[in-house]
Amino acid sequence: MIGIYCIRNAVNGKRYIGQSVGIENRRRSHFSSLRNGSHYSKHLQRAFVKYGVEVFEFVVLEECDENMLDVRERVWIGYYQTTDLRYGYNNDSGGNLNKHHSDETRRKISESNSGQTRSVMTRLKISEANKHRTEESRRKQGDSLRGHIPSVETLRKRSESMMGHLVSKETRRKISESKKHLSEESHRRLSEAKMGHFVSDESRRKMSESHKNPSVEIRLKMSEAGKNRPPISEETRRKLSDAGKGRHHTEESIRKMSEVKKLRNQERKAMVEKSELVSN
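At position 218 of the sequence shown (counting the first as 1) the number is 206 in this note's numbering, and the numbers step up by one without a gap.
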């Protein structure tokens, strides 16, 4: 959809007016930047942190031809006086944003935003603003992202940003609790999302290496974690059994399983001997 849109603050009536040749994508971009605390309109960003996402509504003011976007944007900004801080959040009078950025321009914009470090206070405010979102707001965000497939470059950047990030025990517990209460519909969507996902040979090798010869400490932690798990139901056992029917292990797999079993027995024996020595 091509036209003029408005982001309106329902609390004070202030507006941000914009134009786009793809209004839906522009909406996603705006709210993504606002949630990340990186929106170029500082006035709109401050208002978002102060009031929260629930009070902001996105409205299409009019559809028009692409060659009329500049003119119509200036008209709407003038009509609502959104360059006046008493009435809106626009930084300028508009009409100069109808351009398809070149790769060079995109690179400069990216470089200008890279390396920005938000203060702890700003991060806390953004976090608080997101905590109090309504179910309706979460549903709308989910609907806007449905069917959106991130690029390989985006996935790579996400992966790099998470490297070295340690998740606390409290966060792990919350993630675990949230997964326990997933609906059947959510489970189905997660399953469908993974269909057709192919793991590269390099990823398989890394996963294999990470599981080889774990330390005794890691094995003990895994053992302790397993003790607190609820018993496996008969239905789950049946499904596991059905999944394994007709599956034939290669000689290499059988050899590896045998080695793992021997190693586990040795570790159990060592733990028992250590326990006996401590008790004596």
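Cβ coordinates follow ideal geometry from the N, Cα and C atoms, glycine included.
Open item on the list: If you reduce the DSSP assignment to three classes, tell me which class N(-3) lands in.
Closed with: Three-state DSSP puts N(-3) in a strand.
Task: Proximity winner among L251, E50, R(-4), relative to V41 (alpha-carbon distances) - done: Between V41 and the set L251, E50, R(-4), the nearest pair of CA atoms involves R(-4).
Task: Within-8 angstroms CB hit, V59 to chain B - done: Although the question refers to chain B, the structure presented lacks it and comprises just one protein chain.
Task: Closest Cα partner of A35 within the set N78, Y68, E51 - done: Of N78, Y68, E51, the residue nearest in Cα terms is N78.
Open item on the list: Checking the sheet assignment: what are the DSSP bridge partners for S8?
Closed with: According to DSSP, residue pairing for S8 in a beta bridge involves G(-9).
TODO: Return the bridge partner residues of V47 from the DSSP annotation.
DONE: In the DSSP output, where bridge partners are listed per residue, V47 has C(-6).
Open item on the list: Short of 7 angstroms in beta carbon distance, which residues of its chain neighbour E50, apart from the five on each side in sequence? Order them along the chain.
Closed with: Short of 7 angstroms from the beta carbon of E50, and not among the five residues preceding or following it, lie these beta carbons of its own chain, in chain order: G(-9), I(-8), R60.
- [ ] Return helix, strand or coil for R74, following the three-state DSSP convention.
- [x] The three-state reading of DSSP puts R74 in coil, since its state is none of H, G, I, E or B.
- [ ] From the DSSP output, in three-state form, read off R235 for me.
- [x] Coil.
Open item on the list: Please report the distance separating the alpha-carbon of K262 from that of E205.
Closed with: About 14 angstroms.
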